[in-house]
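Chains A, B, C and D supply the protein sequences, listed in that same order.
According to the UniProt record's numbering, the first sequence is numbered sequentially starting from 1.
According to the UniProt record's numbering, the second sequence is numbered sequentially starting from 1.
According to the UniProt record's numbering, the third sequence is numbered sequentially starting from 1.
According to the UniProt record's numbering, the fourth sequence is numbered sequentially starting from 1.
All C-beta atoms, glycine included, are put in the ideal place defined by N, C-alpha and C.
Computed from a prediction, not measured in an experiment: that's the story for all the values here.
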Amino acid sequence: MDTSFFVAWMEEIATAVQAQRDHLTQLDAAIGDADHGSNLDRGFGEVRRALADSPPETPGSTLMLAGSTLIRKVGGASGPLYGTAFRQMGKSLGDVPDVSLAELSAALDAALAGVQKLGAAVEGDKTMVDALAPAVRALAQAVQEGVKPEDALSAVAAAAQEGARATIPLQARKGRASYLGSRSAGHEDPGAASTALVLSALRTAGFRTW
Amino acid sequence: MDTSFFVAWMEEIATAVQAQRDHLTQLDAAIGDADHGSNLDRGFGEVRRALADSPPETPGSTLMLAGSTLIRKVGGASGPLYGTAFRQMGKSLGDVPDVSLAELSAALDAALAGVQKLGAAVEGDKTMVDALAPAVRALAQAVQEGVKPEDALSAVAAAAQEGARATIPLQARKGRASYLGSRSAGHEDPGAASTALVLSALRTAGFRTW
Amino acid sequence: MKKLINSVDSVVTDALTGIAAAHPSLRVDLDNKIIFRASGPRPGKVGLVSGGGSGHEPLHGGFVGYGMLDAACPGEVFTSPVPDQMIEATKGVHGGAGVLHIVKNYTGDVFNFEMAAELCGDEGVEVVSVLVNDDVAVQDSLYTAGRRGTGATLFVEKIAGALAETGASLADVARTGREVNERSRSFGVALTPCTVPAAGKPTFELTESEIELGIGIHGEPGRTRAAHAEAREIVRVAMDAINDDLPLSGDLLVLVNGMGGTPLMELYIAYAEVAAYLKEKGATAVRSLVGNYVTSLDMQGFSVTTCSLTEELTRLWDARVETPGLRWGR
Amino acid sequence: MKKLINSVDSVVTDALTGIAAAHPSLRVDLDNKIIFRASGPRPGKVGLVSGGGSGHEPLHGGFVGYGMLDAACPGEVFTSPVPDQMIEATKGVHGGAGVLHIVKNYTGDVFNFEMAAELCGDEGVEVVSVLVNDDVAVQDSLYTAGRRGTGATLFVEKIAGALAETGASLADVARTGREVNERSRSFGVALTPCTVPAAGKPTFELTESEIELGIGIHGEPGRTRAAHAEAREIVRVAMDAINDDLPLSGDLLVLVNGMGGTPLMELYIAYAEVAAYLKEKGATAVRSLVGNYVTSLDMQGFSVTTCSLTEELTRLWDARVETPGLRWGR
Ligand SMILES: Nc1ncnc2c1ncn2[C@@H]1O[C@H](COP(=O)(O)OP(=O)(O)O)[C@@H](O)[C@H]1O
Ligand SMILES: Nc1ncnc2c1ncn2[C@@H]1O[C@H](COP(=O)(O)OP(=O)(O)O)[C@@H](O)[C@H]1O
Ligand SMILES: [Mg+2]
Ligand SMILES: [Mg+2]
Ligand SMILES: [Mg+2]
Ligand SMILES: [Mg+2]
Numbered sequence: 001m002d003t004s005f006f007v008a009w010m011e012e013i014a015t016a017v018q019a020q021r022d023h024l025t026q027l028d029a030a031i032g033d034a035d036h037g038s039n040l041d042r043g044f045g046e047v048r049r050a051l052a053d054s055p056p057e058t059p060g061s062t063l064m065l066a067g068s069t070l071i072r073k074v075g076g077a078s079g080p081l082y083g084t085a086f087r088q089m090g091k092s093l094g095d096v097p098d099v100s101l102a103e104l105s106a107a108l109d110a111a112l113a114g115v116q117k118l119g120a121a122v123e124g125d126k127t128m129v130d131a132l133a134p135a136v137r138a139l140a141q142a143v144q145e146g147v148k149p150e151d152a153l154s155a156v157a158a159a160a161q162e163g164a165r166a167t168i169p170l171q172a173r174k175g176r177a178s179y180l181g182s183r184s185a186g187h188e189d190p191g192a193a194s195t196a197l198v199l200s201a202l203r204t205a206g207f208r209t210w
Numbered sequence: 001m002d003t004s005f006f007v008a009w010m011e012e013i014a015t016a017v018q019a020q021r022d023h024l025t026q027l028d029a030a031i032g033d034a035d036h037g038s039n040l041d042r043g044f045g046e047v048r049r050a051l052a053d054s055p056p057e058t059p060g061s062t063l064m065l066a067g068s069t070l071i072r073k074v075g076g077a078s079g080p081l082y083g084t085a086f087r088q089m090g091k092s093l094g095d096v097p098d099v100s101l102a103e104l105s106a107a108l109d110a111a112l113a114g115v116q117k118l119g120a121a122v123e124g125d126k127t128m129v130d131a132l133a134p135a136v137r138a139l140a141q142a143v144q145e146g147v148k149p150e151d152a153l154s155a156v157a158a159a160a161q162e163g164a165r166a167t168i169p170l171q172a173r174k175g176r177a178s179y180l181g182s183r184s185a186g187h188e189d190p191g192a193a194s195t196a197l198v199l200s201a202l203r204t205a206g207f208r209t210w
Numbered sequence: 001m002k003k004l005i006n007s008v009d010s011v012v013t014d015a016l017t018g019i020a021a022a023h024p025s026l027r028v029d030l031d032n033k034i035i036f037r038a039s040g041p042r043p044g045k046v047g048l049v050s051g052g053g054s055g056h057e058p059l060h061g062g063f064v065g066y067g068m069l070d071a072a073c074p075g076e077v078f079t080s081p082v083p084d085q086m087i088e089a090t091k092g093v094h095g096g097a098g099v100l101h102i103v104k105n106y107t108g109d110v111f112n113f114e115m116a117a118e119l120c121g122d123e124g125v126e127v128v129s130v131l132v133n134d135d136v137a138v139q140d141s142l143y144t145a146g147r148r149g150t151g152a153t154l155f156v157e158k159i160a161g162a163l164a165e166t167g168a169s170l171a172d173v174a175r176t177g178r179e180v181n182e183r184s185r186s187f188g189v190a191l192t193p194c195t196v197p198a199a200g201k202p203t204f205e206l207t208e209s210e211i212e213l214g215i216g217i218h219g220e221p222g223r224t225r226a227a228h229a230e231a232r233e234i235v236r237v238a239m240d241a242i243n244d245d246l247p248l249s250g251d252l253l254v255l256v257n258g259m260g261g262t263p264l265m266e267l268y269i270a271y272a273e274v275a276a277y278l279k280e281k282g283a284t285a286v287r288s289l290v291g292n293y294v295t296s297l298d299m300q301g302f303s304v305t306t307c308s309l310t311e312e313l314t315r316l317w318d319a320r321v322e323t324p325g326l327r328w329g330r
Numbered sequence: 001m002k003k004l005i006n007s008v009d010s011v012v013t014d015a016l017t018g019i020a021a022a023h024p025s026l027r028v029d030l031d032n033k034i035i036f037r038a039s040g041p042r043p044g045k046v047g048l049v050s051g052g053g054s055g056h057e058p059l060h061g062g063f064v065g066y067g068m069l070d071a072a073c074p075g076e077v078f079t080s081p082v083p084d085q086m087i088e089a090t091k092g093v094h095g096g097a098g099v100l101h102i103v104k105n106y107t108g109d110v111f112n113f114e115m116a117a118e119l120c121g122d123e124g125v126e127v128v129s130v131l132v133n134d135d136v137a138v139q140d141s142l143y144t145a146g147r148r149g150t151g152a153t154l155f156v157e158k159i160a161g162a163l164a165e166t167g168a169s170l171a172d173v174a175r176t177g178r179e180v181n182e183r184s185r186s187f188g189v190a191l192t193p194c195t196v197p198a199a200g201k202p203t204f205e206l207t208e209s210e211i212e213l214g215i216g217i218h219g220e221p222g223r224t225r226a227a228h229a230e231a232r233e234i235v236r237v238a239m240d241a242i243n244d245d246l247p248l249s250g251d252l253l254v255l256v257n258g259m260g261g262t263p264l265m266e267l268y269i270a271y272a273e274v275a276a277y278l279k280e281k282g283a284t285a286v287r288s289l290v291g292n293y294v295t296s297l298d299m300q301g302f303s304v305t306t307c308s309l310t311e312e313l314t315r316l317w318d319a320r321v322e323t324p325g326l327r328w329g330r
């Protein structure tokens, strides 16, 4: 997976988030403050612009630029969290021009660690971690089993989507939704839902560039 | 018509206004400020209390007390207008212990003059004058024709009701409704509607005391 | 109707109880429903009394204090107060130099204040009235009750109040009050109706895509209903109406006033458009206020009021004021 | 959704344009979205920076000025600002004595202010943060993001700001800010939801007979939904929640705050009930504020915040303040 793959990933995220903007905002309206869709739409729009303005040379610098842009432009909880996730991935990838599935797996692992270090959420807290963590595990397993890249990314997307759906019955213990106590149960976590979009875009980027 | 007739009149007004309070307020909501019902309900409630507290000795003093109470307790346009109307009637009746139909007619005439002096409204301006003026004429005619008191008061009530209904198509030229310009047309004037209630109560008072 | 009240009948009294509790600088006469300065009348100073229906808070009670009113008479919601109140208030602020009544031009307010002034005169208290009628949405003609008094009331109360503090005569304070009124114009817009507690339902109905242009401050519909539009366009309608009546130029005092339910953020958005409009016309808002000052209960909407300033009026506007609703200067 | 805006995307910028036009005492950096005092940093004075999502006006921009903040960073509506803004603001107010960040306890605000503080530290500007978390509706436990920062933010900004004007050290200003927070408690109630412009529809739905108890300031539903009741009863629920957490006694500073769409009249009615409740408990509101200070767009509802005063805190509360939103003293 070369630089163009990662640029394509960012573009696919921007497209998906724009399409799902209102849906994400409505999820956030139910248990948060009704801004998650506009936050991410604004953020990934800026990422797309930043990548067009200064085309990156490596996969790592693509993700570093994306992460810094999100931190600089989004605000809220999700800006620093997604920003950290991409920056940690970028750092993990270093200068490699072509990323192997194993390297991607390590990078996603670093993303999860970064998110958890910043936000202190564990699985079951009803946050983006609930979508990210199973996706990380799915990729690690795919690497171990040596499955084809397409299938590996499909497994990542499926695991993230499943993780997001599984947040519905949970009671939130982190972020704004935690203020609602037991009333947060019965709603999908907006950040988990957007994480599923972000990770599904990985597979779409694969279809597009391979 | 002795003091008890006029006290009964005030009581009948209070009852009718209380029953029609919301209706009058809704008429006022359409072209005014949604307070006519509560204004008059508060006012005639106070009149009832004032008459109970210091029972008047003559028809004239009954109306003077009612008028002063309305001025003191109602506020808005209708408080001074109704207050003036009753006070002018009271003055016109003087000390007579038993009021003839002709004396009542002169008193209502004085009421109309008082209202017009204060408010400068003429017939057709879409105000209480549109109910009061035809009622005054109806009573004068009844006196001239020498009809029975019951029938005279019925004619007064009918003329006031007809006058109130006739305000519906008019464009207001006085009071709050005038701010609406042509949009005031199509709604019954709340003050004309309440004047019809007040004058219909005259007939009911007659039924009760005769 | 969902309101933070105890009962429909006690709203005015309950609010006065809260005002009394919140502001040691005020003395509230609950029986007569009058808000006085706690300090009482100052001998030799012209007293200023205003009042009107409740539901416009902070007007008028929030403007009682040094540099503005000496007393305010709140009536029932949207109902002018009664002469008794005004007489009590007038006597209570009389410091020997006479009393100015600041009256918004509504039939009821005019009737009741006139009666009160007459009775005060009988009792030897000189009273002069200033009638405020700044609302350009209403034509001042034989076919209306005349222009309504709206946002300019605040300007008259502030500027006449500042002059009164200097020891000016009743005639001078009244003249300046009238000058402010003559130099002021307003126009109001509603995005939603308001709900009078006693009525229990909104005063009119508007769809999601309609607004009312040329409203007053009593929840009445405006002169015309129009399609909802960008703030820029709505402000232009309001400013054009003002400018057509009294061309805007020179140094202005400008109020962008919320009707009670409009977020301050939106009022600032409107103010930005007002400032841009004035720039186009070559006029400048050298003084301004943005906020909820002359409200209509929970209505969403705004009004703009402009006053063409002179040096003296600017100085009086800047003079010290210490009331719950306006405070500045030293 | 019917709002007085030009477009959903430009609300923050348009409002900042209006703030800049309305307040010559402020300097607005439109590119970075920062509201500064026009006078710039004062050498030797600790700088105070706060910020948060927009939609809470006058908080925070309306509290920039003498005796309160040196700069405010407004984010998008209900979205915390970004570190870049805070870094610019921090550097812009640094007068050599370090900078205090006043941060409301929300995950996003905390993350972004932390990042900014770290980067400012790297650049040699000493930054200390005070976290405001006064909302008793949320339990501060492992199972929540901790108590939200609401009305007490105004108290911290005012009192820490007054201390900073005296030339106190960063450590002292921070210590006093924390003390104010520790002595403060809040509880909020919604009668209606609000509408975030970008969402276009209300954040939740309530019938005519329901209210939300224990809301925050971002349009979120509360901890529980309850039947609408008299102001007296609703206030009692709020006050009991506060009193259960920190028993009310002695001299208090009390804020009865409107959420943006509540008429001032209703806030005074609520304040009367608050005062009556305090009397029952033997406590006294020796200082108070009633009005829209920490809002949630057009939400109807209110919050109560109490702060148990000391002599020093009272003196600092009374000290001169000159901002668009709060002004008093000499
Ligand atoms: N401490 C945390 N750890 C991980 N994710 C979190 C944490 N707090 C919040 N989130 C995620 O952020 C999402 C909300 O993002 P967003 O609405 O953009 O920010 P905000 O809550 O500041 O309005 C939540 O749905 C949740 O998935
Ligand atoms: N100048 C006037 N002359 C006669 N009647 C008037 C005048 N102005 C108003 N009214 C009457 O008063 C009524 C309104 O009374 P009310 O609603 O109690 O007072 P307000 O208009 O002050 O709210 C109108 O419907 C009209 O009949
Ligand atoms: Mg959110
Ligand atoms: Mg009326
Ligand atoms: Mg009225
Ligand atoms: Mg947010």
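Whole-angstrom C-beta distance between residue j and residue i, which should lie under 8 Å
i, j, result
"Gly163 (chain A)", "Ala192 (chain A)", "6 Å"
"Ala142 (chain A)", "Asp130 (chain A)", "Their Cβ separation, rounded to whole angstroms, is 20 Å, which puts Ala142 (chain A) and Asp130 (chain A) out of contact at 8 Å."
"Met89 (chain A)", "Ala111 (chain A)", "5 Å"
"Gly51 (chain C)", "Pro81 (chain C)", "5 Å"
The beta strand (DSSP E) enclosing residue i, as first and last residue numbers
i, result
"residue 332 (chain D)", "The question about residue 332 (chain D) has no answer here: the residues shown for chain D are numbered 1 through 330."
"Asn257 (chain C)", "Gly250 to Gly258"
"Cys194 (chain D)", "Careful: Cys194 (chain D) lies outside any beta strand (DSSP E) and carries neither H nor E."
Selection from the options that minimises the alpha carbon distance to residue i
i, options, result
"Ile269 (chain D)", "C:Gly51, C:Ser25, C:Glu57 and C:Val46", "C:Glu57"
"Ser184 (chain D)", "D:Leu26, D:Ser296, D:Thr310 and D:Thr195", "D:Thr310"
"Gly18 (chain C)", "D:Ala285, D:Leu297, D:Ala319 and D:Leu59", "D:Ala285"
"Gly98 (chain C)", "C:Tyr271, C:Cys307 and C:Gly124", "C:Gly124"
"Gly181 (chain B)", "C:Phe204, C:Thr150, C:Cys194 and C:Gly222", "C:Gly222"
"Pro193 (chain D)", "D:Ile215, D:Phe155, D:Glu182 and D:Ala20", "D:Ile215"
"Asp84 (chain C)", "C:Ile34, C:Val294 and C:Leu264", "C:Ile34"
"Ala160 (chain C)", "C:Glu118, C:Ala231, C:Val132 and C:Asp244", "C:Val132"
"Ala102 (chain A)", "A:Ala138, A:Arg72 and A:Ala196", "A:Ala138"
Whole-angstrom distance between residue j and residue i, CA atom to CA atom
i, j, result
"Gly44 (chain D)", "Gly167 (chain D)", "7 Å"
"Val198 (chain A)", "Ala16 (chain A)", "8 Å"
"Val156 (chain D)", "Phe86 (chain A)", "36 Å"
Residue range of the alpha helix (DSSP H) that includes residue i
i, result
"Gly114 (chain A)", "Leu101 to Gly119"
"Cys307 (chain C)", "Element bounds for Cys307 (chain C): not the alpha helix (DSSP H) but the beta strand (DSSP E), Gly301 to Ser308."
Exercise for review: Taking only beta carbons into account, state which residues of the stretch 53 to 81 of chain D come closer than 8 Å to chain A, listed in chain order.
Suggested key: Gly53, Gly75, Glu76, Val77, Phe78, Thr79, Ser80 and Pro81
Point to revise | Proximal residues, the stretch 56 to 75 of chain A versus chain D, C-beta separation under 9 Å | key: Ile71, Arg72, Lys73, Val74 and Gly75
Review point. Can you list, in chain order, the residues of the stretch 137 to 152 of chain C whose Cβ is nearer than 9 Å to any Cβ on chain D?
Key: none
Check your understanding: Of the residues that make up the stretch 258 to 287 of chain D, which ones have a beta carbon closer than 7 Å to any beta carbon in chain C?
Key -> Gly260, Gly261, Thr262, Pro263, Leu264, Met265, Glu266, Tyr268, Ile269, Ala270, Tyr271, Ala272 and Ala275
Review point. Mind listing which residues of the stretch 4 to 25 of chain B have their C-beta closer than 9 Å to chain C's C-betas, in chain order?
Key: Arg21, Asp22 and Thr25
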